[in-house]
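Here is the structure we will look at.
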Amino acid sequence: MSDTLKSFNLKNFDPKHSLFIEASAGTGKTYTIQLMVSKLISQGTPLKKILIVTYTEKAAGELKDRIRKKINEVLEFKKINKDDSDEPELSKDVLSLFAKANQDVDNAAIFTIHSFCQKALKEYAYDAGRPFDMGMIDDAAVTTLVEQYIRDQWVNDEKFQKLLASEKTESLTNQLTETIVSAINNYKGCCKKGEIIPLDGPSLPKINGQEVPLSALEKISKATCYNDLKCIPGFEDELTFFDSVSNTEKRATEFTEKIKSWTNESQDLLFNGHSFTTKSFSETTLPHFNAIKEIKELIKSAPKHLYRAQYEEFLCKQIPILFDKWQKAKKDDKRQSFNDMILSVHKAITESDNLKEKLRQQFNFAIIDEFQDTNKLQWDIFRTIFLKDQGKAVEGHSIFVVGDPKQSIYSFQGADVNVYKEAILEINNGTSLNNNFRSTTGIIEGCNELFKGSFFTPAESSPELVKFQPSGAPTNESQVKVPPMISGKEVAPIWISENEISSLNFARSAVAKIVDWCSFENGKTKLQVFDKKDCRKYRNVSFKDFAVLARTRSEMEVMEDSLRHAGIPFSRYKDNNLFNSRECAEWIALFRALNAPDFSAWNRKLLSEVLITDFFKTVFTKKDNSSEDHSMDELHYVDSKVFDDPNNRERKLLNVWRDLALKRRYAEMLERIYSDTQIEQRLMDISKLQNLAKLRQIGNYAVEFLYSHNCSLEDLVRHLEGLAAFRDDADDEDGSLVEKGTDYDAVQVMTIHASKGLEFPVVISVAGFKGVNNLSRGPFLYHDDNGIHLGLGSDAKEIRKAEELEEWKRLFYVDFTRASSILMLPRYENWTKKDKSGAIISVKPEFKFLHDSHKEFCENAVCIENAENSVFEYPCYTILKTDSDWSIAEKKKLVREYILQPLSKNSSSAESTDNIEELIQEQKGIMEDLQKHVPQACIMQYSYSSLSGKADNGISNEDDTPIDQDGNEESSVADVAGKNKVSIKSIDVNALDCTLAYEESRDYQSHYEENLKKFPRGSKLGNAIHHVFERAKFFEIGQQLPTLESALADSKCINVVEEEFKNEALPIWNHKKEWTDIAIAYLWNTLNAKLPAIAGNCATGEFFTLTEIPLENHKAEMQFNLNAGTSEELRRFCKGFIDLMFVRTDAQGNNLYSILDWKSDVLEENRYTPEALKERVDADYSIQRVLYSYCLIQWLKQFYGEGTAENLTEEEIFNKHFGGIYYAFVRGTQGGTGKGIYAQTWKCYDDLKNAYGEIKKLMSK
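Below, the structure written as structure tokens:
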């Protein structure tokens, strides 16, 4: 259809009819979408009625900005297309529509497919039949469910046992886990019409085109004689033929008798291959003899075929079961994956009318960008809403899809170019965008030549998915880009290497050109390219104008080494492999050392490991200047006695950083590491800036992870090790993990996938010297005439390999079309097979399209040896000469003298290494000066946890004092540090402990057997338990559940526990009875525990339980905000939440207000004696108890303070209305006793007030 398409024309665009637009690379796809949106607005369609879906969040954000810009342009020029002189000005009424759209653009419906589905499910959850609040989960988590099935369900399965008998247990379980996890992520379950993506049955061997049934394979594998083999399709027919020719074939009878007399004890299988050969029979009988030989091979391999068929049969049965179980588990847990969002919307739209009708009411038009990256589910959704529903056209709605099948490269993320072809046939109304506005005419013509001919010709038996149409240059002369020039002379746009080049020589040759072209001559770089601001003018180039594109990250390494050797800065764009780097390994070594309690015994090697990192490079400078044996290498030096001394400077630095980490002052720890080691200054060399960028990214990521996950250094190390374990050769380039490496002037190195949508003046394609990926064990998504399938067998694998090779071609289309001025291509030696002498035998199949494309290009295009003749005929190319005189020192010298120094002199945006270092010092000085004014300029916020981290630290800046080279503090303020520190233990020395005394006869041990029942620990459990207590109705539980047994059987309690555990993603469905019993026991025992009654400054000697407190007299999660300053002007404040505040009445009728905090702490040896409770509260919660109690008094002033009916002072409020503070350690409570309950007050209000005064000092830090 593409060859008959007309060019898109806005005047002919009729929104009443759906449309597809085929947009080649660089043809203004986004601009066309802006025009379409503008026309819809001009015809009265509100912006909110237009749904726009694109591929990434970044693209969605950019598209929103472009549409805003376009609307403003229309309002300014009063035209939709300001360049169209024939277009009349828009009327005031139409312009008012654009003014309204300009107000609405921030809320425009521009989404990715996932954000669209997420919004639809959230807004119309009821119509979609989904819960309103769904958390997110990665489908990779299904591994746990698979492992559970292997362990608990399949152990008694007869078919599973058969597989185990033929395979090692570990190997089988690993295979099953990997295959099923992959299958569940690709399998989409069923809808009313059946399986959304059909799952093939087991693959079976074939004889004479007929499948051998599984039952026959079982019989063949156990065969003991000829009669057992008669089940083989066609076997008897072949022997019958030999009987029929026995009169003419001398050995036919002997042959059949030999076969029919076969038993499993015979020396040969069926017949002796030496006695009966192709020479034994005539030419007409030979095909039948070969058929018997094929049957013989089948019998020989029958056990292998049988195992594979049984394995696949087992999988085919279990995959749908596990898929449904996984979907149910996620739904019960109120969680969904990104795939589930699309699946849920698909199901809701295709199986009922509610959601699709709501969406049709919301949107009249849909514009789907990057449509080549769609798939069956997505197309079903949009087709049903906007195009056809059950075969009928959807009235009043249209869909406009924009895409390029030549750029469909995301099949590994579910994209299906076959769906694109089906969709445009169904829309049956198309136009194209063919004029390339990105590149010079030379690049356009060169790419046309590269892609014509056999480049996109599909392999035999593969369908034609791409029909290449050449692109043209802009028709407007002012938009035609000037060609590249070197030293003032035009050069060819395509540079092709010499034949049979190695990856190393190509990289070196390309790097030599980068150095040459970026060098300055008479104030200009040798290479001049068009200026995007005015494409008829030239500009200088810099390193960032060069992009190195590779298929996989492993293909980047040779080029990166060459860039590094030449001293050229480079940056890996969207480096989601950042953590598989030396810099990450060094951070891991440092965090391990900081997490070690000491460096004795085994831990000594942790010290050695960190000392050989870049953080401590100065160590070896010291070695060279010391009296140590200079011949000792670095590895032996770090193991020497020099570092066994605790007062060694490096040991002291590690101790300082460790102390900051223990106090959770991670940001400060990070800056101290940078400043103490001076690592930034040492990595400031231009060739090391990439390393510095990686180092800072990982450091920032680590600190953010520590804060956001509230975890330990040990957890961080485990996490970083997990990230570092990702494969290095993946095709995909997600880039979501961390930000782009740097913004400095550097060659950009990236995968082709990452380059999609980008453009560069010079593209160096290094892709193609690594072979195609070896496919895993499956399953494999593949296509046939009946659509898409999920298969496990060899046939599915081969079809999938062929489809991936076709996608590889599309990948190289994206690769080559990123260039706007110059494209540099290799002709690798590994594209061909050679004999021992080095002569080429053939071209490897996976590289044939590249090899032939380059060969045909060189035969048909004009080769430009020099630029003496200034008239160029396109397409043309220049041979990239191999750099045979590669000298690292020479390249570095050229970079320094002819690029960096001229840049430093001439460019205000580029600085030399010395300039950069000076600027860093200047910025640090500015920041230090700014820091002094922060307290006066900001409102500082504190919490109990942040104040706890400040205790036991100096109030002044002692911790900021540097340590000199000898390990001593450089300032004498260290002498006064101890005088100004606030100690946790000294904050609340006058607390009055009211906890019930120890009773010798009582068992203070916890007997929940949590370890045996695998009961969880950690913050998630703490959150779940807190929420259970928050939802509890104390008085009601006391009345209705008088015994623990009645509570354990209560459905309300069970449901609350299950819900809260699921909300925290705790797998309670695997431990339902055990875990709910433990949690309910916590609840019942704590609510029925005896609490000592407190009134003011003493315990009354009476007791009460929380079940006596009616619902209206207790409040959970009570928030407070407390001004921590001395003046009324708010400069610093403390905020937080109190777990529980409750009110009871004393004998005199006074309301007593108490505070209680639920604690899920596990105490040492599970003993909850009064002494153990006091020790834990004093150590961890002394600041909290003072802060909360003081806040309570301040809060009560509004009811009982000055100006109220009682008109009490703070001291009087304390004596009359303060009911004490309690800590309920729920793991240790026991109903009817005071076990697990800590209680306290103060001897007088002044003691509480003075303790709060100590805390206020922490807020001045």
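If you want my numbering, it's the 1-based position in the sequence shown plus 152. Idealized CB from N, CA, C, for every residue including glycine. Since we're looking at a predicted model, the values are computed, not measured.
Ranked by Cα distance from A748, the first of A737, E735, K1267 and V762 is V762.
Taken through DSSP and simplified to helix, strand or coil, A971 comes out as strand.
Residue environment: K619 is assigned as exposed (fewer than 16 neighbouring CB atoms within 10 Å of its CB, all protein chains considered). Per DSSP, reduced to three states, the secondary structure at D532 is helical. Nearest neighbour of V1314 by Cα position, chosen from A1324, I1307 and S1306, turns out to be A1324. Residue state for S994 is assigned as strand, using DSSP reduced to three classes. The Cβ neighbour count for S355, taken over all protein chains shown within 10 Å, is at least 16; the residue is labelled buried. Residue range N1303 to K1311 is occupied by the beta strand (DSSP E) that includes D1309.
When the Cα atoms are used, K499 and C343 turn out to be separated by approximately 7 Å. Between A898 and N852, the alpha-carbon positions lie close to 22 Å from each other.
The beta carbon of S190 sits closer than 7 Å to the beta carbons of K222, V226 and I232 from its chain, once the five residues preceding and following it are set aside; these are given in chain order. The same chain holds no residue with a CB closer than 6 Å to that of G675 once the five nearest residues on each side in sequence are set aside. For S917, the CB contacts under 6 Å within the same chain, skipping 5 residues up- and downstream, are L701, D967 and L977 in chain order. The stretch 1206-1262 is shown to contain whole alpha helix (DSSP H) runs of 4 or more residues at 1224-1239, in chain order.
By the Cβ test, the stretch 989-997 is not in contact with the stretch 629-642, since fewer than three Cβ pairs between them sit closer than 8 Å.
For Q488, the secondary structure class from DSSP, reduced to helix, strand or coil, is strand.
Straight-line spacing of the CA atoms in L1304 and N1249 works out to 12 Å. Secondary structure note for S827: its alpha helix (DSSP H) is the uninterrupted segment Y818 to T829. Shown here, W647 sits in a strand according to DSSP, grouped into three states. Within the stretch 611-665, the complete beta strand (DSSP E) segments of 3 residues or longer fall at 646-649, listed in chain order. One alpha carbon belongs to T182, the other to R1169, and they sit about 51 Å apart. Secondary structure at F743: helix, using DSSP grouped into helix, strand and coil. Judged by pairs of C-beta atoms under 8 Å, the stretch 1382-1391 touches the stretch 1233-1245, as three or more such pairs exist. Distance from the CA of G361 to the CA of S946, rounded to the nearest whole angstrom, comes to 15 Å.
The beta-carbon separation of S723 and A845, rounded to 7 Å, stays under the 8 Å limit for a contact.
Contact check for V901 against E712 passes: the beta carbons are separated by less than 8 Å.
In the DSSP assignment, M976 forms a beta bridge with W647 and I916. Residue state for T593 is assigned as helix, using DSSP reduced to three classes.
In the DSSP assignment, G1371 falls within the beta strand (DSSP E) that extends over F1370 to F1377.
F387 is the residue among F387, K345, L1344 and A819 whose C-alpha sits nearest the C-alpha of E363. Two segments are said to touch when three or more pairs of C-beta atoms, one from each, lie closer than 8 Å; by this definition the stretch 435-454 touches the stretch 362-380.
DSSP lists no bridge partner for Y965. In the DSSP assignment, S584 falls within the beta strand (DSSP E) that extends over G582 to L585. Excluding residues up to 5 positions away in sequence, A954 and E958 lie with their Cβ nearer than 7 Å to the Cβ of S614 in the same chain. The distance from the Cβ of F268 to that of V205 is about 6 Å, consistent with a contact at the 8 Å cut-off. Membership of F731 in any alpha helix (DSSP H) is not indicated, and neither H nor E is assigned to it by DSSP.
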